[in-house]
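Residue numbers (our numbering): 8 to 306. These notes are about the structure you will find just below.
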């Protein structure tokens with residue numbers, strides 16, 4: 008762990024002296040630890056020149072893997088230290104939007120029904136969540152799925168459940184609310200907070216040609232982000248129009264902080280899907296439990 012933390016610090020600083028200072032040791036001592044790491048690997052990861060060092064591409068290219076390994080080791084350490092034989096821990100790979108909009112309610116219901124259950128959330132974009140789920144890093148996957156496409160084909164070893172139905176809605180807040188006309192319409196050149204075309208919501212809105220959905224579908228995109236929770240804050244401040252899950256903004260629409268523009272631009276149906284590995288009993292039980300709930304989303 009110490010070696011990997013040393014290496015990550017060196018990759019960030021790109022300088023032995025600064026890296027040693029951050030690790031609170033002398034530069035010679037830090038250099039000896041890097042040497043020990045190289046001996047463990049069996050190769051040199053630094054090219055030591057007269058007045059500088061260069062980090063090998065083999066090390067730099069694998070920085071992401073090193074960070075992931077360190078995170079996993081820390082999680083394992085915490086899991087061992089806080090082990091409770093009477094409690095069940097469920098690891099869930101969840102998209103950022105689902106963590107923000109639906110998971111809190113799901114967790115509250117589950118904890119009321121399953122004694123001692125705990126959750127470990129791995130939040131990421133959809134493709135990374137699928138990778139975490141497929142390689143067994145998590146036993147469950149929570150995500151949004153467009154109703155216009157088929158569910159993901161995971162095979163017989165995976166169970167799919169449905170928490171509920173949701174929909175993406177165009178909303179506007181802040182001072183931009185005063186641009187909304189009496190018929191709930193807004194000028195097409197209004198600033199917009201849009202999704203990247205390669206993000207899941209971006210792909211869904213692009214496929215349906217929803218105005219203000221992506222940069223290519225509006226005249227004045229001022230910010231592009233795949234994180235709907237961040238987009239919500241910007242929309243609330245009046246930076247631009249944007250599309251968000253209704254479950255994330257229904258309270259703000261009711262209070263008047265946000266105005267829905269569905270009269271002009273419609274809404275995009277999406278499902279809140281839950282996947283579980285059938286070999287993990289508690290994960291499959293949770294899918295069955297969550298599917299039975301009928302009052303999942305606000306009317």
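Just so it is clear, CB atoms sit at the ideal spot from N, CA and C, and this is done for glycine as well.
For residue 225, the secondary structure class from DSSP, reduced to helix, strand or coil, is coil. Counted as a single uninterrupted DSSP element, the stretch harbouring residue 198 is not any beta strand (DSSP E), since DSSP gives it neither H nor E. Listed as beta-bridge partners of residue 140 by DSSP are no residues whatsoever. The secondary-structure analysis by DSSP pairs residue 267 across a beta bridge with 178. Sequence-distant partners of residue 120 (beyond 5 residues in either direction) whose C-beta falls short of 8 Å from its own C-beta, in its chain, are 296. Its chain contains 102, 150, 207 as the residues whose beta carbon lies nearer than 6 Å to that of residue 133, once the 5 sequence neighbours on both sides are disregarded; these appear in chain order. Distances from the alpha-carbon of residue 233 to those of 244, 226, 249 put 249 closest.
For the pair of segments examined, the region 162-170 was found not to touch the region 224-241: the number of CB pairs separated by less than 8 Å stays below three. Taking one beta carbon from each stretch, the region 135-142 and the region 255-270 have fewer than 3 pairs nearer than 8 Å; the two do not touch. For residue 168, the beta-bridge partners assigned by DSSP are 281.
Pairing residue 62 with residue 83, the inter-Cα distance amounts to about 29 Å. Exposed is the label assigned to residue 64, since fewer than 16 other Cβ atoms lie within 10 Å of its Cβ. For residue 125, the enclosing beta strand (DSSP E) has its first and last residue at 125-131. Distance check between residue 272 and each of 243, 224, 282 places 224 closest, using alpha-carbon atoms only. Between residue 107 and residue 51, the alpha-carbon positions lie close to 44 Å from each other.
The continuous stretches of alpha helix (DSSP H) do not include residue 62, which lies in the beta strand (DSSP E) extending over residues 60-62.
Beyond the five residues adjoining it in sequence on each side, residue 229 comes within less than 8 Å, by CB distance, of 198, 199, 200, 246, 247 in the same chain, given in chain order. As DSSP reads the structure, residue 231 sits in a beta bridge with 201. Less than 8 Å separates the beta-carbon of residue 175 from that of residue 212.
For residue 184, no alpha helix (DSSP H) run applies, since DSSP gives it neither H nor E.
Ranked by Cα distance from residue 146, the first of 109, 218, 136 is 136. When the Cα atoms are used, residue 191 and residue 167 turn out to be separated by approximately 38 Å. The beta carbon of residue 284 sits closer than 7 Å to those of 146, 164, 165, 290, all from its chain and outside the five residues before and after it, given in chain order. If you check the CB distance, residue 48 and residue 100 do not come in under 8 Å. Residue 280 sits buried, since 16 or more C-beta atoms from the chains shown fall within 10 Å of its C-beta. Residue 51 sits in coil when the DSSP states are folded into three classes, being neither helix nor strand.
Checking the DSSP bridge columns, you'll see residue 99 partnered with 128, 147. Taking 8 Å as the cut-off, the Cβ atoms of residue 37 and residue 27 count as close.
Taking residue 56 as reference, the option from 22, 74, 32, 77 with the minimal CA-CA separation is 22.
Minimum Cα-Cα distance from residue 179 among the listed residues 33, 282, 260, 292 corresponds to 260.
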